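Engineer:
There are 2 protein chains.
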Amino acid sequence: EVSPVDFKTSHETYTFPGLVNIAAFVPDLTAQTTDDFVEATKASLSGGFATALFLPVGDNTRIVDQETLEIARANVSKTPYSNFALSITASPSNVKSIDEELEANVKSLFVTFNGSSLDLSVHDVAAHFGSWPVDKPIVTNAKGTDLAPLLLLAGLHERTVHVINVQSKEDLLLISLSKAKKLKVTCDVSIFALFFSKEQYPEATCLPSAEDQKALWQNLESIDAFSVGSVPYRLAKELNKEASARSGIEEALPLLLTAVSEGRLTLNDIQTRLHDSPVRIFGLPDQTQTNVEVVMGRRAQVGHGGARKSKVWSPLEGKLLNGAVHRVVVHGQTAFLDGVLGATLAGRDISSTT
Amino acid sequence: EVSPVDFKTSHETYTFPGLVNIAAFVPDLTAQTTDDFVEATKASLSGGFATALFLPVGDNTRIVDQETLEIARANVSKTPYSNFALSITASPSNVKSIDEELEANVKSLFVTFNGSSLDLSVHDVAAHFGSWPVDKPIVTNAKGTDLAPLLLLAGLHERTVHVINVQSKEDLLLISLSKAKKLKVTCDVSIFALFFSKEQYPEATCLPSAEDQKALWQNLESIDAFSVGSVPYRLAKELNKEASARSGIEEALPLLLTAVSEGRLTLNDIQTRLHDSPVRIFGLPDQTQTNVEVVMGRRAQVGHGGARKSKVWSPLEGKLLNGAVHRVVVHGQTAFLDGVLGATLAGRDISSTT
Ligand SMILES: [Zn+2]
Ligand SMILES: [Zn+2]
Ligand SMILES: [Zn+2]
Ligand SMILES: [Zn+2]
Ligand SMILES: [Zn+2]
Ligand SMILES: [Zn+2]
Ligand SMILES: [Zn+2]
Ligand SMILES: [Zn+2]
Chain A
226 EVSPVDFKTS HETYTFPGLV NIAAFVPDLT AQTTDDFVEA TKASLSGGFA
276 TALFLPVGDN TRIVDQETLE IARANVSKTP YSNFALSITA SPSNVKSIDE
326 ELEANVKSLF VTFNGSSLDL SVHDVAAHFG SWPVDKPIVT NAKGTDLAPL
376 LLLAGLHERT VHVINVQSKE DLLLISLSKA KKLKVTCDVS IFALFFSKEQ
426 YPEATCLPSA EDQKALWQNL ESIDAFSVGS VPYRLAKELN KEASARSGIE
476 EALPLLLTAV SEGRLTLNDI QTRLHDSPVR IFGLPDQTQT NVEVVMGRRA
526 QVGHGGARKS KVWSPLEGKL LNGAVHRVVV HGQTAFLDGV LGATLAGRDI
576 SSTT
Chain B
226 EVSPVDFKTS HETYTFPGLV NIAAFVPDLT AQTTDDFVEA TKASLSGGFA
276 TALFLPVGDN TRIVDQETLE IARANVSKTP YSNFALSITA SPSNVKSIDE
326 ELEANVKSLF VTFNGSSLDL SVHDVAAHFG SWPVDKPIVT NAKGTDLAPL
376 LLLAGLHERT VHVINVQSKE DLLLISLSKA KKLKVTCDVS IFALFFSKEQ
426 YPEATCLPSA EDQKALWQNL ESIDAFSVGS VPYRLAKELN KEASARSGIE
476 EALPLLLTAV SEGRLTLNDI QTRLHDSPVR IFGLPDQTQT NVEVVMGRRA
526 QVGHGGARKS KVWSPLEGKL LNGAVHRVVV HGQTAFLDGV LGATLAGRDI
576 SSTT
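In order, the protein sequence lines correspond to chains A and B. Everything in the first sequence is counted per our numbering, starting at 226 for the first residue and increasing by one. Everything in the second sequence is counted per our numbering, starting at 226 for the first residue and increasing by one.
1. Does B/LYS536 pass the burial test, meaning 16 or more other C-beta atoms within 10 Å, or should it be called exposed?
2. Which parts of the region 327-414 of chain A are runs of the alpha helix (DSSP H), unbroken and 4 residues or longer, counting only runs that do not cross its ends?
3. Along the beta strand (DSSP E) that carries B/PHE561, what are the first and last residues, could you check?
4. With 8 Å as the limit, tell me which residues of the region 341-366 of chain A have their beta carbon closer than that to any beta carbon of chain B; keep them in chain order.
5. Using a Cβ-Cβ cut-off of 9 Å, state whether A/GLU424 counts as contacting chain B.
6. Would you mind reading off the limits of the alpha helix (DSSP H) that contains A/PRO242?
7. Curious, which full-length alpha helix (DSSP H) runs of at least 4 residues does the region 245-303 of chain A contain?
8. How is B/GLY437 classed by DSSP in three states: helix, strand or coil?
9. May I have the straight-line CA-CA distance separating A/GLU467 from A/TRP538, to the nearest angstrom?
10. From what residue to what residue does the alpha helix (DSSP H) around B/ARG459 run?
11. What separation, rounded to the nearest whole angstrom, lies between the Cα atoms of A/ILE400 and A/THR411?
12. Quick one: what does DSSP say B/GLN514 is sitting in, helix, strand or coil?
13. Do the region 262-278 of chain A and the region 549-557 of chain A touch if we need at least three Cβ pairs shorter than 8 Å?
14. Scan the region 369-388 of chain A for residues whose Cβ lies nearer than 9 Å to a Cβ of chain B and list them as they occur along the chain.
15. For B/GLN392, count the other beta carbons within 10 Å of its own beta carbon; 16 or more makes it buried, fewer makes it exposed. Which is it?
16. Kindly indicate the opening and closing residues of the alpha helix (DSSP H) around B/SER452.
17. If we call anything under 9 Å between Cβ atoms a contact, is A/PHE417 one with A/VAL453?
18. Can you tell me which of the three DSSP states B/VAL320 falls into?
19. Hey, is A/LEU562's beta-carbon within less than 9 Å of any beta-carbon in chain B?
20. In chain A, what lies closer than 7 Å to B/SER403 by C-beta?
21. Can you check whether the CB of A/SER576 is closer than 9 Å to the CB of A/VAL331?
22. Are the region 517-528 of chain B and the region 430-437 of chain B touching, with three or more C-beta to C-beta distances below 8 Å?
23. So, is the C-beta of A/GLU436 closer than 9 Å to a C-beta in chain B?
24. 9 Å is my cut-off, CB to CB: does A/GLU395 come that close to chain B?
25. Just confirm the distance between the C-beta atoms of A/ALA277 and A/SER307, as a whole number of angstroms; I'd bet it's less than 8 Å.
26. How is the beta strand (DSSP E) around A/ALA315 delimited, first residue to last?
27. Mind checking who A/LEU545 pairs with in its DSSP beta bridge?
28. Might you give, ordered along the chain, the residues of its own chain that have their beta carbon closer than 8 Å to the beta carbon of A/VAL320, omitting 5 neighbours on each side?
29. Within 10 angstroms of its Cβ, does B/LYS361 collect 16 or more other Cβ (buried), or is it exposed?
30. Should A/ASP261 be labelled buried (16 or more other beta-carbon atoms within 10 Å of its own) or exposed?
31. Only counting the same chain, and skipping five residues up and downstream in sequence, which positions put a Cβ closer than 6 Å to that of A/ARG573?
32. Tell me which same chain residues have a C-beta within less than 7 Å of the C-beta of B/ASN366, skipping the five on either side of it?
33. Determine whether the Cβ of B/LYS409 lies closer than 9 Å to any Cβ atom of chain A.
34. Quick check on this structure: which residue in B/ALA310, B/PRO317, B/SER341 has the alpha carbon closest to the alpha carbon of B/ALA329?
35. Quick one: residues in its chain with C-beta nearer than 6 Å to the C-beta of B/LEU375, no 5 flanking neighbours on either side, listed in chain order?
36. Is there a C-beta anywhere in chain B that falls below 9 Å from the one on A/LEU441?
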């Protein structure tokens, strides 16, 4: 599927099918004035992602009903640089109010745990599992003590669950055992969690320990997908650096390509986890004439190129990575080339596809 | 199965088959000098239980290997007033050292969580589930955040699990859902948890809230068995009262009989949960000529009779209960009658039966 092509002198270009940013984090989802969605779709495209599936939980905002969904949709529809989809958050009180229309207009149900009093009880999760349509995925950020009840209930209700941002070997073990027993569970790992650890940033709570990180690398075959997620945003916040809807998106693919150049990953590992599995797990339309060309072996500096308007901190700032996004084609149109976004907005809303 | 017989004047006698104290708690399991086992089997018999299945976790002692099992067995074998069985505790380190001989000599594997650093990890539990023989039960006191991983792993490994001392409606919901999906899970409720609540004893941490207690009563059909367990002992300790291996055992059946007289339970509910289900869950030999005669409607004072040697505190001290144990027959011999233990020790070790 991945086709090497000679490109320029000593560099090689590879063309991936349209990659998917499956857990795009937007801090401000529902303010009338936010440009977070615009920034996130711009960054996605610049980072090589033709599609962004937005998490319905922001920094202090959530999509939980028709009203919040409409505001978020209005926000992202203004300037959809990439394809996008919106989802809805399961709350303790909205199990009854999520009607068929609302279900039809979102990609997935997000079952979130933040260790806060807003968290769902076992009763709430069971109720949502009982009423969410079987053909739409359920996504969760459950970890540690929240993960097992969720997997148990998913199995009991025969539901498909995707776990984002797995960070510990204990959680990965539960997921692996569940998969071995044919439970319909999939998972992703945040790309930052593969490259940065607690030991490097002791102030941060959003990163795995070096030991857990090692377990993630050792069990790549159990990891269906890679994501960006909220980890880069939270890392910046926790280090008191500038954080935004762009945080970490443009570094994601270059980090993975660098790992390929070091022999830690294959290009096929990337395609599986950023295209094939996302398309399968989220029932995405597999768009033709949508692809991304990357250049291997071209040392590119993070933050380089004209794509960035705002200055956003990156743990890789000034560092050279061994791979870069060269061109992104969406629906036959060149949407990004050599650091510059195209003039035409080729992105489409794919929230309703199943 | 329960046969009413006229007895004396206005009282009625019922005869149950031999009842089972399925989670008999002994504070001191492995001291060479303990008389806790003697007291516990005496109290069991006096409380109407022909058989006591001992928990392998005491106050600060555990049965975890051949050595501790032999000490405990020597202790209980001295004076076995009731039938008894011993079990073994799963520890983080003994998954390899529990060999076939040890497995054969114990009734069940006890997977315990105390919220301490000795607690089992998901890895440990998975390893024990992978190696424990399929024809022997696994028993757990897992609650709250420990329960779901345990049920999940039990399902994944297709193991039979019995959950003791369920106290919350959340836990009962998980168990009920698991049963509905044909997971091989059973549970019991501590008899004290049906009659005493946190609201009555705010200092105590071992009792359910009144709300949870109500849920236990409302969901009796999901509760396979009743137990005594460690709740009465812990309640006494937490209230700074005298606690012992006898705590709560003799009050158990009179409390349940009083509930029958109030119409909250039937005699059949009791027989199911103190005989039929215990025999089935724990694969006990169903002994003939072993039964207990109880008297309904005879107001008996707790602590009355000659069975008690030591003074042990009870929350029911001085209170009148509306039912009492009249006679216990074990293997054809009258082992207890009108408050007095028989001279012959009729109890047998049934640890190895399956
Ligand atoms: Zn609840
Ligand atoms: Zn349900
Ligand atoms: Zn595709
Ligand atoms: Zn170029
Ligand atoms: Zn572990
Ligand atoms: Zn296993
Ligand atoms: Zn019987
Ligand atoms: Zn008599």
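Yeah, the Cβ is synthetic: ideal placement off N, Cα and C, and Gly gets one too. All values derive from a computational prediction rather than experimental measurement.
Structural biologist: Short version:
1. Residue 536 of chain B sits at position 311 when you count from the first residue of the second sequence. Answer is exposed; the Cβ neighbour count stays below 16.
2. 347-356, 372-381, 394-405
3. Within the second sequence, residue 561 of chain B is the residue found at index 336, counting from 1. That run of the beta strand (DSSP E) goes 558-562.
4. SER346, VAL347, HIS348, ALA351
5. Residue mapping note: residue 424 of chain A aligns to position 199 of the first sequence, counting from 1. Not an interface residue.
6. Stepping through the first sequence from its first residue, residue 242 of chain A is reached at position 17. Where A/PRO242 is concerned, there is no enclosing alpha helix (DSSP H), although the beta strand (DSSP E) it sits in stretches over 236-242.
7. 261-271, 291-302
8. Taking the first residue of the second sequence as position 1, residue 437 of chain B is located at position 212. A quick correction: the sequence has Asp, not Gly, at residue 437 of chain B. Residue state, collapsed to three classes: helix.
9. Numbered from 1 along the first sequence, position 242 holds the residue referred to as residue 467 of chain A. Numbered from 1 along the first sequence, position 313 holds the residue referred to as residue 538 of chain A. Between A/GLU467 and A/TRP538, the C-alpha separation is close to 5 Å.
10. The residue labelled residue 459 of chain B in the question sits at position 234 within the second sequence. Start and end: 456-463.
11. Taking the first sequence and counting its residues from 1, one reaches residue 400 of chain A at position 175. Taking the first sequence and counting its residues from 1, one reaches residue 411 of chain A at position 186. Approximately 8 Å, taken between the alpha carbons.
12. As a position in the second sequence, residue 514 of chain B is number 289, starting the count at 1. The answer is coil: DSSP assigns B/GLN514 none of H, G, I, E or B.
13. yes
14. GLY369, THR370, ASP371, LEU372, ALA373, PRO374, LEU375, LEU376, LEU377, LEU378, GLY380, LEU381, HIS382, GLU383
15. For the purposes of this step, residue 392 of chain B is taken as residue 167 along the second sequence, with counting starting at 1. Its Cβ being crowded by 16 or more others within 10 Å, B/GLN392 is buried.
16. Sequence index remark: in the second sequence, residue 452 of chain B carries index 227 (1-based). Unbroken run through B/SER452 is the beta strand (DSSP E), 450-452; no alpha helix (DSSP H).
17. The residue given as residue 417 of chain A occupies position 192 in the first sequence. The residue given as residue 453 of chain A occupies position 228 in the first sequence. Cβ atoms of A/PHE417 and A/VAL453: closer than 9 Å.
18. Locating residue 320 of chain B in the second sequence gives position 95, where the first residue counts as 1. Coil, per DSSP.
19. Locating residue 562 of chain A in the first sequence gives position 337, where the first residue counts as 1. By this cut-off, A/LEU562 is not an interface position.
20. Reading the second sequence from its first residue, position 178 is the one you call residue 403 of chain B. Here the neighbours are LEU381.
21. As a first step, residue 331 of chain A must be located in the first sequence, where it is residue number 106. As a first step, residue 576 of chain A must be located in the first sequence, where it is residue number 351. Yes; because the gap between Cβ atoms is below 9 Å, this pair is in contact.
22. no
23. Taking the first residue of the first sequence as position 1, residue 436 of chain A is located at position 211. With 9 Å as the cut-off, A/GLU436 does not count as an interface residue toward chain B.
24. Within the first sequence, the letter at position 170 stands for residue 395 of chain A. Taking Cβ atoms only, chain B reaches closer than 9 Å to A/GLU395, which makes this a yes.
25. Counting from 1 along the first sequence, the entry for residue 277 of chain A is found at position 52. Counting from 1 along the first sequence, the entry for residue 307 of chain A is found at position 82. Between A/SER307 and A/ALA277 the Cβ distance is about 5 Å, and since that is below 8 Å, they are a contact.
26. Taking the first sequence and counting its residues from 1, the one referred to as residue 315 of chain A is at position 90. Looking at the DSSP string, A/ALA315 is not in any beta strand (DSSP E), and its letter there is neither H nor E.
27. Indexing the first sequence from 1 puts residue 545 of chain A at position 320. Answer is A/GLN526.
28. Looking up residue 320 of chain A in the first sequence gives position 95. Within the same chain, A/VAL320 has close Cβ partners ASP349, ALA352, HIS353, SER356.
29. As a position in the second sequence, residue 361 of chain B is number 136, starting the count at 1. Looking at its Cβ environment, which holds 16 or more other Cβ atoms inside 10 Å, B/LYS361 is buried.
30. Here residue 261 of chain A is taken as the residue at index 36 of the first sequence, counted from 1. Buried is the call here.
31. Against the first sequence, residue 573 of chain A aligns to sequence position 348. Contacts found: ASN308.
32. For this step, residue 366 of chain B is matched to residue 141 along the second sequence. Correct list, in chain order: THR337, PHE338, ILE389, ASN390.
33. Taking the second sequence and counting its residues from 1, one reaches residue 409 of chain B at position 184. So, not an interface residue.
34. Translated into the one-based positions of the second sequence, residue 329 of chain B becomes position 104. Cα-wise, what sits closest to B/ALA329 is B/ALA310.
35. In the second sequence, the residue the question calls residue 375 of chain B occupies position 150. Excluding sequence neighbours, B/LEU375 sits near THR365, ALA367.
36. Translated into positions along the first sequence, residue 441 of chain A becomes position 216. No, no contact with chain B.
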